[in-house]
Structures are given as structure tokens and as C-alpha cells.
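Step one of this worksheet: look at the structure below.
Residue numbers (mature numbering (1 follows the signal peptide of the UniProt record, and there is no 0)): -18 to -1, 1 to 347.
Okay, structure coming up:
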């Protein structure tokens, strides 16, 4: 066997990779959903609904994950997770069969503290249009190396989704197959290959530089109940005194994913994001900002703005994705000024971003 492997490498120039097949049984998977074995269209597999199954091997970081699945035109979100650290922290790929052919038919998102993030990460590198037959077997293949990954759907020779930069740190973890809906999804022929030399065929892009004036770092408070800001125009003094702060850097888009440090709980759905603006004179500056899902903007303790951008908050097609869609104007005094933004979340992505394009006479701390 060693001779055959060596001969294969000498002839082809490639190492033989060890592909592992994972049978669908309790010794291989931790089952946390309704799983039934089934033979469909000649393939032995499973029907999965109402949860997930987790591969007990916990050392996958780079390589290939592939399997077959069938989907129906229902509004549900079946997929898989990888590099799973625990049930609240992992990378996730899922499909939206009800959006077949639309720009968000397949989605990548990082999961921090069990919080979804599709409202923060959408478009090129995160979601794209795919088509495939319904109620038939479709082959899914992930190739991942370091901070880059690509997903193949069907028998296409090029990736359907190219993920330019995975958002979580590259750490070994478990793999899952997921379908939390009450509508079943079939899976079959699950295999994975561990290798630090997988072939990536996609065209990868470097992150575009941040726009001039982007706020690249925010101080983030501990969580509190959004209701504490009801019926007032100033930040409650006791709330300000109780705040404990962590610093989070922004991505090049300006987005800060607040779920990195803040766990969403009932009654603890809001944080403050703040910066200090040091002005060399009294002046007014325009703040462009985006948020998910709701925001209240305070300058030197007084309320300037309140807005709602949550899912379907405007009409049934409104997704609530983050972007620089809102402006307000900051009346700054000479010296230090405090910009605080209360950001509240329901689901889909907890984030903030801001730009002060004209920073003449201004320092941001």
C-alpha cells in the first residue's frame, strides 16, 4: 500500500488524502433532533427535522466536507455547521429553498453566543443566488482553508459561494447537520477530509479599505433591558454608572458584531456603543450610521435620534440588513463630547457602524 501511494504521488504530483465516511448512527453522531433512517431514490440516508446532529470527531479545521441532501420549497433553513466550539459558537452555511434563484438563496454567517448574523453579513462573500432541483438529491461540498472557504452546490465545476473571509478565528471543532424546522430534510453520503492543502478554485478578494471617516473602534457596555430607555430624553444616570466597558474593533465595513461579547437574553437585549469626540471648537458634524435592530443616539447624554430597522418592521419584504441608511447631526462643544448609541436586538444580527466623514478639528477616542 505504501508503494502504491508513493507511486500515485510520483505520477500525479498529489498526495492521497484520507477521506472519512461517517455513518448515520449514535456511535458517530450526537443526535439532538428527530432523525429517521430512510432510503430515497436509491440512496440510504436520514430524514432530519427539529434539531441537529453533531459529528463526535471534534478536530476538523481545514479540508473538505461533502454530502447529499434533498430540499423542498418550504420556508426553512437547512444546512450545516463547522469548526463548532460549542453549541453557541461556530461557522454556519445554510440554504433558503423558498428563495431559490434569488441573491440570498445560500448564506454564510458566523455564530457568536448563539446569535444569528445574516443581517450583518450579506451580498458578495456571504450570500448568493443558486438553483437546484427540489425533492431530488443535490451534492453539497465545502472546501475550507484558514480564513477562506467555498461552497459547491450540485455538480458545478466552480463554487456557488466564495467566502472571502470567515469571521471566526480558525480553530478545530465539530461538524453538524442542521434543520431546526418541523419540515424534514434528507441527508446522505456524508464524508469529510482533513487536510491543510485543499484546493480552492474561487476568486478571492481582499477586504476593501474602510471608507474615510469610519469609526474603527467602539467601547461596548454590558447588556441591559431596552425598556430602561423608555419615556426619557436623557441617559439614566444609574444606568450610565453601572456600565462596564469592553473595546471592540470594527471591520473594514465599519460593522461591529456586538454578539462577539454580548449574549442576547430576555430582558438583556441592549448595549451602549460609545466613542469620545474631542473637538477643537464648537461645531456640528454629520454622523452616518447603520444598526440592527433598533437604535437610540445620544450626544452628551441627550437623545438625538430613535429608529427601528428590524426584520419586517417596514413591510413584509424588509429584511433589516445593516447599512449606512441613517444620518444625524452632532452639536459638539469645544473639548470632550460623548456619543452613545443604544443598540437593541431581537434576532438576525446585532450590530452598529458609523462614519464621520468630516473629521477636521476632531479626534475620536
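Don't be surprised by glycine CBs; every beta carbon is placed ideally from N, CA and C.
When the beta-carbon positions are compared, residue 34 and residue 161 come within less than 9 Å of each other. When C-alpha distances from residue 164 are compared across 57, 249, 208, the shortest belongs to 57. Residue burial is scored here from C-beta neighbours: residue 193 has fewer than 16 other C-beta atoms within 10 angstroms and is therefore classed as exposed. With fewer than three CB-CB distances shorter than 8 Å, the stretch 206 to 213 does not count as touching the stretch 183 to 191.
Relative to the Cα of residue 49, the nearest Cα in the group 129, 133, 43 belongs to 133.
According to the DSSP secondary-structure assignment, residue 73 is paired through a beta bridge with 64, 92. The C-beta of residue 44 has 16 or more other C-beta atoms within 10 Å across all chains shown, which makes the residue buried. Counting along the chain, residue 170 sits inside the beta strand (DSSP E) bounded by residues 167 to 176. Straight-line measurement puts the Cα of residue 250 at about 35 Å from the Cα of residue 316. Counted as a single uninterrupted DSSP element, the alpha helix (DSSP H) harbouring residue 223 occupies residues 219 to 224. Nearest to residue 201 by alpha-carbon distance, out of 92, 244, 328, 261, is 244. Residue 32 and residue 16 have their C-alpha atoms spaced approximately 6 Å apart. Approximately 14 Å separates the beta-carbon atoms of residue 291 and residue 309; this is outside 8 Å, ruling out the contact. For residue 231, the three-state secondary structure derived from DSSP is strand.
Contact between residue 76 and residue 60 holds: their C-beta atoms lie close to 6 Å from each other, under 8 Å. Excluding residues up to 5 positions away in sequence, 275, 292 lie with their Cβ nearer than 6 Å to the Cβ of residue 328 in the same chain. From the listed residues 27, 69, 98, 247, the smallest Cα separation to residue 14 is found for 69. Shown here, residue 158 sits in a strand according to DSSP, grouped into three states. The Cβ-Cβ distance between residue 176 and residue 324 does not fall below 9 Å. The beta carbon of residue 258 is closer than 8 Å to those of 318, 319, 320, 321, 346, 347 in its chain, skipping five residues each way along the sequence. With respect to the C-alpha of residue 9, the residue from 24, 23, 30, 38 having the closest C-alpha is 38. The C-alpha of residue 263 is placed about 42 Å away from the C-alpha of residue 151.
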